[in-house]
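Since the structure comes first, as structure tokens, the remarks are kept for the end.
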Amino acid sequence: MVNVTNHNEAWANLLTTPILLQTLCGTLNLCRQGYQKFMSKVDPSPQPLHTASESPVEKDKKTSEGFNRVAQEIVFDLICVTLGLLANLVEQCSNGKQLIRTVFIHDFRLVLTRKCCIKCQCGNSVSAFEELVGLYLYPPCKAPAEADFVRTSVCLLLNICINIESEDEVNTLRQAVESNHNRQGSTHQVAKSMKSLMIDMSNAQEIQPEDE
Numbered sequence: 322m323v324n325v326t327n328h329n330e331a332w333a334n335l336l337t338t339p340i341l342l343q344t345l346c347g348t349l350n351l352c353r354q355g356y357q358k359f360m361s362k363v364d365p366s367p368q369p370l371h372t373a374s375e376s377p378v379e380k381d382k383k384t385s386e387g388f389n390r391v392a393q394e395i396v397f398d399l400i401c402v403t404l405g406l407l408a409n410l411v412e413q414c415s416n417g418k419q420l421i422r423t424v425f426i427h428d429f430r431l432v433l434t435r436k437c438c439i440k441c442q443c444g445n446s447v448s449a450f451e452e453l454v455g456l457y458l459y460p461p462c463k464a465p466a467e468a469d470f471v472r473t474s475v476c477l478l479l480n481i482c483i484n485i486e487s488e489d490e491v492n493t494l495r496q497a498v499e500s501n502h503n504r505q506g507s508t509h510q511v512a513k514s515m516k517s518l519m520i521d522m523s524n525a526q527e528i529q530p531e532d533e
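Remember, the working numbering sits 321 above the position in the sequence shown when you count from 1.
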């Protein structure tokens, strides 16, 4: 879908629906939260290479670490593809910008349950726009180069969504940053993150390729 929506307004208009945008941003949310949960359980101490004398338990632990590395690579690839598709849809579709700012991500543990069908139970739902800001602030990547790539991609997407010279839209961005920092840090950290995000968005705007 990334290829067919690249500079293709017809396909973008056909695919851009609230459900698809909700699913894509929900995928980003699952990747980010899953990574944070995984990293909270990882032993930060470096592990030695396999030795002939190590026990089966130690071998199993290192095998598990290998699977974890593969899982992190899959998460990074999934994020890149998702951000690429979102950028195409928002850029090519006439109402894509408005949709991504109004769509909310629901708790996937409750979706399609009996309670959910009767009445919405999502007390912690977040906007898709807020999730993008959260992805910028806390990219689910261990490698610095991967984290920088995700941040740049998010900035390019946010640049498409808002006009950073508009006071109202800057306030929307600031609220999203503050919401992500509610449990993370002080007002000073919010201001610092806001300044950093605005600078990165300006830089991303300068490096956007021209339409062919």
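For glycine and all other residues, C-beta sits at the position ideal for the given N, C-alpha and C. A quick note: this is a predicted structure, and the numbers were derived from the prediction, not measured.
Report the partner residues of residue 447 according to the DSSP bridge assignment.
Position 126 of the sequence shown, counting from 1, holds the residue named residue 447. Its beta-bridge partners are 426.
For residue 409, count the other beta carbons within 10 Å of its own beta carbon; 16 or more makes it buried, fewer makes it exposed. Which is it?
As a first step, residue 409 must be located in the sequence shown, where it is residue number 88. When all chains shown are included, residue 409 counts as buried.
From residue 470 to residue 342, what distance separates their C-alpha atoms?
Here residue 470 refers to the residue found at position 149 when the sequence shown is read from its first residue. Here residue 342 refers to the residue found at position 21 when the sequence shown is read from its first residue. Taking the straight line joining both Cα atoms gives about 21 Å.
If distances are taken between C-alpha atoms only, which option among 493, 426, 502 and 422 comes closest to residue 346?
Position 25 of the sequence shown, counted from the first residue, corresponds to residue 346. Nearest C-alpha to residue 346: 426.
First through last residue of the alpha helix (DSSP H) which encompasses residue 325:
Residue mapping note: residue 325 aligns to position 4 of the sequence shown, counting from 1. Neither: residue 325 is in no alpha helix (DSSP H) and is coded neither H nor E.
Using DSSP with H/G/I as helix, E/B as strand and the rest coil, what is residue 337?
Indexing the sequence shown from 1 puts residue 337 at position 16. Correct three-state label for residue 337: coil.
Look at the alpha carbon of residue 452 and the alpha carbon of residue 324, and state the distance between them as a whole number of angstroms.
For the purposes of this step, residue 452 is taken as the residue at position 131 of the sequence shown. For the purposes of this step, residue 324 is taken as the residue at position 3 of the sequence shown. Approximately 24 Å between the Cα atoms of the pair.
Name the two residues that bound the continuous alpha helix (DSSP H) containing residue 481.
Stepping through the sequence shown from its first residue, residue 481 is reached at position 160. Taken as a continuous stretch (DSSP letters only), the alpha helix (DSSP H) holding residue 481 covers 465-482.
Quick one: residues in its chain with C-beta nearer than 6 Å to the C-beta of residue 475, no 5 flanking neighbours on either side, listed in chain order?
The sequence position of residue 475 within the sequence shown is 154, counting from 1. Same-chain partners within the cutoff: 453, 456 and 457.
Nearest-angstrom Cβ-Cβ length linking residue 390 and residue 482, presumed shorter than 8 Å
Residue 390 sits at position 69 when you count from the first residue of the sequence shown. Residue 482 sits at position 161 when you count from the first residue of the sequence shown. The Cβ separation is near 33 Å, so there is no contact.
Report all residues from its chain with a CB closer than 7 Å to the CB of residue 497; omit the five preceding and five following residues, and keep chain order.
Start at 1 with the first residue of the sequence shown, and residue 497 comes out as number 176. Result list for residue 497: 450, 451 and 454, in chain order.
Does the distance from the C-beta atom of residue 414 to that of residue 333 stay below 8 Å?
Walking along the sequence shown from the start, residue 414 turns up at place 93. Walking along the sequence shown from the start, residue 333 turns up at place 12. The answer is yes: Cβ separation under 8 Å.
If distances are taken between C-alpha atoms only, which option among 338, 511 and 322 comes closest to residue 416?
Counting from one through the sequence shown, the residue named residue 416 turns up at place 95. Of 338, 511 and 322, the residue nearest in Cα terms is 338.
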